[in-house]
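Remarks on the structure that follows.
There are 2 protein chains.
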Amino acid sequence: MQTTEPSHLTREKILDTAQSLFQSQGYSAVGINRLCLDAGVVKGSFYHFFPSKQALLSAVIERNRSQLMDELKSTSEPENDGRKRILAQLSAVLASAEEHKNASGCVLGCRLGSLASELAVSNETVRTASTHAFTEWQELLEADIEAGIGSGSITATVNPKATAVCLLAIIQGMSTLGRSFNDPVMLAQIARIAVKRLLPVPAH
Amino acid sequence: MQTTEPSHLTREKILDTAQSLFQSQGYSAVGINRLCLDAGVVKGSFYHFFPSKQALLSAVIERNRSQLMDELKSTSEPENDGRKRILAQLSAVLASAEEHKNASGCVLGCRLGSLASELAVSNETVRTASTHAFTEWQELLEADIEAGIGSGSITATVNPKATAVCLLAIIQGMSTLGRSFNDPVMLAQIARIAVKRLLPVPAH
DNA sequence: CACTAAATAGACAAACCGGTCTATTTGTTC
DNA sequence: GAACAAATAGACCGGTTTGTCTATTTAGTG
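Going line by line, the protein sequences match chains A and B.
Just so it is clear: in the first sequence, position 203 is 198 by the numbering used here, and no numbers are missing.
Just so it is clear: in the second sequence, position 44 is 39 by the numbering used here, and no numbers are missing.
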C-alpha cells in the first residue's frame, strides 16, 4: 500500500506510447509490434496487460478523456470568472499546439478529436466513448458560460448550451485545420474571432 | 471521340468505391483486396490504373476537393447576396449530413476533413493537398463575406479573412462532432449559432 | 527456503498486407 | 484478318498483421 506497484510501470509505458503513436499516426496505422518496440516492451507483456488492440484503444481513449478534463479544469480553476475560465482553456489549447509544433515539428490537434474522427463511424464503442468525453467537455463550457452571464462578463443574450456546443465545434475544427496547416498562429486567429463573436461582453 | 471511353469506367468505379470506403473507414483501415472486392474489380485492373495505394489516395483527395468545390459553388451560385451564399453552403453541409444519416445510418462528416485529420500529420503529400483544398474553400467564404459586407447584409466590422477561417473551423468541427454524436440536429444547432454570431446583420 | 502468482520472453501461426508478374482477353486500327 | 496496345485475370511473393502458446524469470508471502 505504501508504493505504487512497479509492475504497472510496464502498463503505463504501453499506454503512454500508444497515446502518442495513436495521436500522431492514427489507430489503424500503428501495429502492435511497432508499439511494443517503441515502448521497450515485449509482446508477451503487452498481451498480459491488454487482451487485444481494441482494449488498448479503449484504455487510451479513457486516459485521453480523463487527462484532458484534468488539464482543462486545472488551467481554468484559478480564474474566478466564467469568461476568463474559457479564455484560459483556449489558451491551454493554443499552448499545447505550439508546444507540439516546437517539440516534434507538427501540430497534433485534439487527443479526443483525432481518434474520434478516424474511428467513430466504424466503431460504435469508440463512438460512444468519444461522445461521452465530448459531452463532458461541453458541459464544462456550458457551466462557464452560465457563470460568465451571471457575473456579467458575457452578454445574457447568448444561449449557454448552444454556444458551448459551437465553441466545442470550433476547438475541434482548430484541431483538424491545425493538423493540416500545421500553423499555431492560424489557430490563435480562429480562437480570437471565436471569443470575440461567441462570448461578447455586455454593452454598458 | 463520340463516347466516353468505357475502359475508364473501371477507373471511376475504383475511385467511387475508394472515396466511399476511405471516408467511412479511413485510409489505413481499407485494404486493396477489400477495395477491389467492393468495386467489383480485379487486382490486375487496379494496378493498371494506379501505381500504388498512395497514388489512389492522392487521386481520391483531388476528387474530393474538386467535387466539393463544385457542389459548394453550385449551391451558392443562384444566390445573389454573399450572406445568402454562405447560408446556402451551410444548408448543403447539413443536408449532406442528413442524407448520409438516412442512407447509411451514419453521419460521415467532411470528405476533406476526415482524411486530413487521419493523415496530415504523418503524410506530407496529403497535408499539402488538404491545405490547398481548405485554402480554396476559405477563399470562397472570404469572397462571400466581402460581398455580403459590400451589399450591406453583413456588418462591416467583421474581418472577412479571419471570419472565413473561423467559419471553416466550425464546419470542420461539425464534421468531427457529427461523426461522433451522429446527430444532424446538433449540427444544425451549431450552424445556427455560427451564422447568428459570426455573420451579424448590420444594425439600422 | 518453499510455494505461488505475476510478469517477461519470444517463437510461432494463420490471415492479410501492398505489390509483382505472366497470361489471356478485349478493343482498335490498318 | 493481322498486328498491336489496353485491359483483365489471378496466382504468387515477401513482409507484416493481430494474437497464441509454452517456457522462464521475477516478486511477494508464509
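For each residue, glycine too, the CB sits at the ideal point set by N, CA and C.
- Pairing B:LEU16 with A:GLY35, the inter-Cα distance amounts to about 34 Å.
- The alpha-carbon of B:LEU107 is positioned some 21 Å away from that of B:ASP139.
- Contact between B:ILE27 and B:PHE41 is confirmed by a C-beta separation of about 6 Å, below the 8 Å threshold.
- Short of 7 Å from the beta carbon of A:GLY21, and not among the five residues preceding or following it, lie these beta carbons of its own chain, in chain order: GLU113.
- A residue is called buried when at least 16 other Cβ atoms come within 10 angstroms of its Cβ; B:PRO197 does not meet this threshold and is exposed.
- Interface with chain A (9 Å Cβ-Cβ cutoff): B:ILE166 is included.
- Under the three-state reduction of DSSP, B:ASN118 is assigned to coil, being neither helix nor strand.
- Contact note: A:MET169 reaches chain B through ALA164, using a C-beta cutoff of 7 Å and chain order.
- Counting along the chain, the unbroken alpha helix (DSSP H) around A:SER15 starts and ends at 3 to 20.
- The beta carbons of B:SER19 and B:LEU103 sit closer together than 9 Å.
- Inter-segment contact for the region 109 to 124 of chain B and the region 148 to 166 of chain B is absent: fewer than three beta-carbon pairs are separated by less than 8 Å.
- Under the Cβ criterion of 9 Å, A:ASN97 is not counted among the residues facing chain B.
- Sorting B:SER175, B:ALA124, B:LYS96 by C-alpha distance to the C-alpha of A:ASN177 places B:ALA124 at the top.
- CA-to-CA, the gap between B:MET64 and B:THR120 works out to about 20 Å.
- Residues of chain A whose Cβ lies closer than 7 Å to the Cβ of B:MET181 are, in chain order, VAL160.
- LEU114, ALA115, VAL116, SER117, ARG122, SER125, THR126: these are the residues of the region 114 to 128 of chain A whose beta carbon lies less than 8 Å from some beta carbon of chain B, given in chain order.
- Using a C-beta cut-off of 8 Å, the region 75 to 93 of chain A makes contact with the region 126 to 143 of chain A, since at least three inter-stretch Cβ pairs fall below that distance.
- Sixteen is the threshold: since fewer than 16 other Cβ atoms of the shown chains lie within 10 Å of the Cβ of A:HIS199, the residue is exposed.
- A:LEU67 sits close to A:TRP132, with the two beta carbons spaced by under 9 Å.
- Using a Cβ-Cβ cut-off of 7 Å, B:SER23 is close to GLY21, SER23, ALA24 of chain A, given in chain order.
- Between the alpha carbons of A:ALA83 and A:ASN154 lies a gap of roughly 21 Å.
- A Cβ-Cβ separation of about 4 Å places B:CYS105 in contact with B:SER170 under the 8 Å criterion.
- Not flagged as an interface residue toward chain B: A:ILE144, since no C-beta distance is shorter than 9 Å.
- Annotated three-state conformation of A:PHE45 is coil, per DSSP.
- In the DSSP annotation of this structure, B:ALA24 is not part of any alpha helix (DSSP H), being labelled neither H nor E.
- Note on A:ALA186: 16 or more other CB atoms within 10 angstroms of its CB, so buried under the neighbour-count rule.
- Annotated as proximal: B:LEU10 and B:ALA54, with beta-carbon spacing under 9 Å.
- Within chain A, the residues placing a beta-carbon under 8 Å from that of B:ALA111 are THR171, ARG174, SER175, ordered along the chain.
- By the 16-neighbour rule on beta-carbons within 10 angstroms, A:LEU32 is exposed.
- Contact between B:LEU110 and B:ILE56 holds, since their C-beta atoms are separated by about 6 Å, short of 8 Å.
- Closest in C-alpha terms to B:THR130, from the list B:LEU162, B:ALA142, B:SER71, B:PRO179, comes B:LEU162.
- DSSP, reduced to helix, strand and coil, places B:GLY173 within a helical segment of the structure shown.
- Counting C-beta atoms within 10 angstroms of its own C-beta, B:GLY173 has 16 or more neighbours from the protein chains shown and is therefore classed as buried.
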